[in-house]
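Number of protein chains: 2
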Amino acid sequence: MKPSADFAGWSRDIQARMETALAALLPAAEIAPERLHAAMRYVALGGGKRVRPMLAFAAGEAVGADAARVEAAACAVELIHVYSLTHDDLPCMDDDDLRRGKPTCHREYDEATALLVGDALQSLAYELLARPGLHPDPATQVEMLRLLARAAGSRGMAGGQAVDLASAHKTLDLAELEFMHIHKTGALILAAVLLGALAGRPLASGERAALEHYAKCVGLAFQVMDDVLDAEADTATLGKTAGKDAAQGKATYLTLMPAREARDYARELVDAALAAIAPFGPPAARLADLARFIVERSF
Amino acid sequence: MKPSADFAGWSRDIQARMETALAALLPAAEIAPERLHAAMRYVALGGGKRVRPMLAFAAGEAVGADAARVEAAACAVELIHVYSLTHDDLPCMDDDDLRRGKPTCHREYDEATALLVGDALQSLAYELLARPGLHPDPATQVEMLRLLARAAGSRGMAGGQAVDLASAHKTLDLAELEFMHIHKTGALILAAVLLGALAGRPLASGERAALEHYAKCVGLAFQVMDDVLDAEADTATLGKTAGKDAAQGKATYLTLMPAREARDYARELVDAALAAIAPFGPPAARLADLARFIVERSF
Chain A
148 MKPSADFAGW SRDIQARMET ALAALLPAAE IAPERLHAAM RYVALGGGKR VRPMLAFAAG
208 EAVGADAARV EAAACAVELI HVYSLTHDDL PCMDDDDLRR GKPTCHREYD EATALLVGDA
268 LQSLAYELLA RPGLHPDPAT QVEMLRLLAR AAGSRGMAGG QAVDLASAHK TLDLAELEFM
328 HIHKTGALIL AAVLLGALAG RPLASGERAA LEHYAKCVGL AFQVMDDVLD AEADTATLGK
388 TAGKDAAQGK ATYLTLMPAR EARDYARELV DAALAAIAPF GPPAARLADL ARFIVERSF
Chain B
148 MKPSADFAGW SRDIQARMET ALAALLPAAE IAPERLHAAM RYVALGGGKR VRPMLAFAAG
208 EAVGADAARV EAAACAVELI HVYSLTHDDL PCMDDDDLRR GKPTCHREYD EATALLVGDA
268 LQSLAYELLA RPGLHPDPAT QVEMLRLLAR AAGSRGMAGG QAVDLASAHK TLDLAELEFM
328 HIHKTGALIL AAVLLGALAG RPLASGERAA LEHYAKCVGL AFQVMDDVLD AEADTATLGK
388 TAGKDAAQGK ATYLTLMPAR EARDYARELV DAALAAIAPF GPPAARLADL ARFIVERSF
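Heads up: the protein sequence lines correspond to chains A and B, in order.
The first sequence runs 148 to 446 under this note's numbering.
The second sequence runs 148 to 446 under this note's numbering.
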């Protein structure tokens, strides 16, 4: 159960494409306010696994979407992700010094700049997705904007972050831990998949439910493996501070089950994700690759 | 040159309408994550002049817009405004203790919650504006979303905030001060006016240019009077800490000109705003009222 032989090449292509696309759409560092724009480019460019963009492109392939339109959706989702990392690293949140192998934004610049960088990246995500003519059907474009905004907000990512904060030094059970993850990371992963597909065409309700189930399972599997890797890998491999969750007394899958069991659970989730997208047939091959990649990755 | 006799009643009606609308659209404090939702309601409800919503409703009246649609636009703009106040008050920004006569969000709750409150309010603004069927023409709805996102971002409000931070303890000239204000507060005031009008119908290019000029003049006049009031009024009247800008060594209109001259300048700007909207005739009466109110207000 490994990704296709050419998966590594495909994922490198997406990473390169995203780097080019984000570099073009982020305001140049020479445009006032220069320091803010330089800091936005600092956090958004030059790194990142780009897992959410890959999910968007893979979902786009599953429905035969135009890649240029998927690219805009992928960039919008990634900007939301990068904004959330920038704010999560702030001293009043996780207080982290290292991200993607570089000093975090507030360490390289300052706290106020990091705050504004996150704020402005969130705005830029919607500005990008609201470009006139991005989608031939403006009603679908409105729906994409609504899905992204809802995924980012208090009943999505920001809400999950709030639950995460409230859960430090508390004993969560599996249901509570998964409620947190479904919001904190799952909501944006779901948005990546749905926006990638909607960039192509409207979805039948069965298709949408299938993609939602795929995204939910992949999102949880990703988080399970994040906890496993956080416990087992070192800081240099991860590009961020390893072992941090455990040190902060936060609940993780590994506080609820042994690592072997967590890996098995991740594999079960991936199997469920693969079953969900089976009706899409061969065009869903990249979605399947991504699900498999999540349990095989080492960083 | 005073607002219409019934202006006070009209503005109270808008304030009451906004309170009801925001209370209905903000997630209930009983919905998880409860603390985050309670804090979002704390900052968004129970206060505020609601100047931007008034501008949206007044612009809607100028083009005969449906008030229910204008209300959504007004709420979206106000949510962006409230998010920006919440973040601006944080210790790494203005470090303020008092807002709208109450403790600021990070004083009443905590810094991490205030950060997430701002983040989630920004998302909610776009989620609201992306409601299916909000506007009979989805392409206009996309344009409203684009205008709001651009106004909030690094080439708008967030950018103005960055310039403001960089300008502490620096001597700005009038041109630099106005560049800052046109971004920090002017961009969102412009969005309020344009969204209110677009909630009604597409704008001819001359109409749009007229509303843009009106908004620019009104926005600057508002800022000039803010500086005058900040220097002359007391904390109880303002509902926020008075004299703060001067104490922080920030450039204001009063560091560049005497108070009398600043008041004259505000009046000139209001005259220019009134001239810009003259072609709209009697339906623009509330826009005219608002321009006049800005130089007559005492809080």
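Backbone N, C-alpha and C define an ideal beta-carbon position, used for all residues, glycine too.
Legend entry - Min CB distance G306 of chain B to chain A below 8 Å: Against chain A, the CB of G306 of chain B has a partner CB under 8 Å away; the residue lies at that interface.
Is the distance from the Cβ of L342 of chain A to the Cβ of V224 of chain A below 8 Å? yes
- Item | Contact belief for L295 of chain A with A272 of chain A at Cβ below 8 Å, rounded distance in angstroms | Rounded, the Cβ-Cβ distance is 7 Å, consistent with contact.
Going by other Cβ atoms of all chains shown within 10 Å of its Cβ, with 16 needed for buried, is A220 of chain B buried or exposed?
-> When all chains shown are included, A220 of chain B counts as buried.
For A315 of chain A and chain B, any beta-carbon pair shorter than 8 Å?
So, not an interface residue.
Using the beta-carbon of each residue, which ones in chain A are nearer than 7 Å to H184 of chain B? S301
| Apart from the five residues just before and just after R414 of chain A, which ones in its own chain have a Cβ nearer than 7 Å to its Cβ? | V442
Review point. For C239 of chain A versus A186 of chain A, is the C-beta spacing smaller than 8 Å?
Key: no
Is it the case that the region 291 to 310 of chain B contacts the region 321 to 336 of chain B, given that we only count it when at least three CB pairs across the two stretches are under 8 Å? A contact exists between the region 321 to 336 of chain B and the region 291 to 310 of chain B.
>> Beta-carbon within less than 7 Å of S151 of chain A's beta-carbon, same chain only, minus the 5 sequence neighbours each way: which residues are those?
In response: A432 and D436
If you reduce the DSSP assignment to three classes, tell me which class P150 of chain B lands in.
coil
At what residue ranges does the region 218 to 273 of chain B contain a whole run of the alpha helix (DSSP H), taking only runs of 4 or more? 252 to 255
**Report entry** Range covered by the alpha helix (DSSP H) that runs through T402 of chain A
**Finding:** Y400 to L403
* Range of the contiguous alpha helix (DSSP H) that encloses S301 of chain A -> Per DSSP, S301 of chain A belongs to no alpha helix (DSSP H) and is neither H nor E.
Using a Cβ-Cβ cutoff of less than 6 Å, which residues in the same chain neighbour L434 of chain A once the five nearest sequence positions on both sides are dropped? A205, A209 and I424
Count the other C-beta atoms from every protein chain shown that fall within 10 angstroms of the C-beta of H234 of chain B, then say buried if there are 16 or more, exposed otherwise.
Buried, since its Cβ has 16 or more Cβ neighbours within 10 Å.
Given L335 of chain A, which residues of its chain have a CB within under 8 Å of its CB, disregarding the five upstream and five downstream residues?
R199, V224, I227, H228, S231, A298, A299, G303 and M304
(request) Could you check which residue in A:D373, A:R407, A:L172 and A:G211 has the C-alpha nearest to that of L350 of chain A? (result) A:G211
Status (buried if at least 16 other CB within 10 Å, exposed otherwise) for H282 of chain A:
It is buried - the Cβ of H282 of chain A has at least 16 other Cβ atoms within 10 Å.
Chain-order list of residues whose beta-carbon lies under 7 Å from that of R197 of chain A (same chain, five-residue window excluded)
I161, Q162, M165 and E225
| Count the other CB atoms within 10 Å of the CB of E218 of chain B; is the residue buried (16 or more) or exposed (fewer)? | Buried, since its Cβ has 16 or more Cβ neighbours within 10 Å.
List, in order along the chain, the chain B residues whose C-beta lies closer than 9 Å to that of M187 of chain A?
S301
Taking DSSP as the reference, what is the three-state secondary structure of G353 of chain A? helix
Cβ shell of G265 of chain A (< 6 Å), same chain only, five flanking positions each side left out: Y230, T233 and H234
Taking the alpha carbon of H316 of chain A as the reference point, which residue from A:K249, A:T399, A:H360 and A:E408 has its own alpha carbon closest? A:T399
Query raised in the report: Is A380 of chain A near V417 of chain A, with beta carbons less than 8 Å apart?
Result: No; because the gap between Cβ atoms is not below 8 Å, this pair is not in contact.
>> Please return the same chain residues whose Cβ sits closer than 7 Å to the Cβ of R216 of chain B, not counting the five positions on each side in sequence.
In response: L281, H282 and A346
| query | If you compare alpha carbons, which of B:D213, B:L237 and B:D241 is closest to E255 of chain B? | reply | B:L237
Q. Of all Cβ atoms in chain A, is any one closer than 8 Å to the Cβ of Y273 of chain B?
A. yes
**Message:** Mapping the DSSP letters down to three states, classify P180 of chain A as helix, strand or coil.
**Reply:** coil
Exercise for the section: Please work out which residues of its chain come closer than 8 Å, Cβ to Cβ, to L173 of chain A, disregarding the five sequence neighbours upstream and downstream, and give them in chain order. Expected result: H184, M187, R188, A191, L192 and L271
**Item:** Residues near L268 of chain A by beta carbon distance below 8 Å, same chain, minus five either side
**Value:** M187, V190, A191, L226, I227, V229, Y230 and T233
- Give every residue of the same chain whose Cβ lies closer than 6 Å to the Cβ of G194 of chain B, excluding the five residues on either side of it in the sequence, and list them in chain order. R247
C-beta contact flag for P279 of chain A and V340 of chain B at 8 Å | no
CA nearest to the CA of I178 of chain A, picked from B:S301, B:D411, B:A438 and B:G333:
B:S301
Practice item. Using the Cα positions of A203 of chain A and E258 of chain A, report the straight-line distance between them to the nearest angstrom. Key: A203 of chain A and E258 of chain A: Cα-Cα distance of roughly 31 Å.
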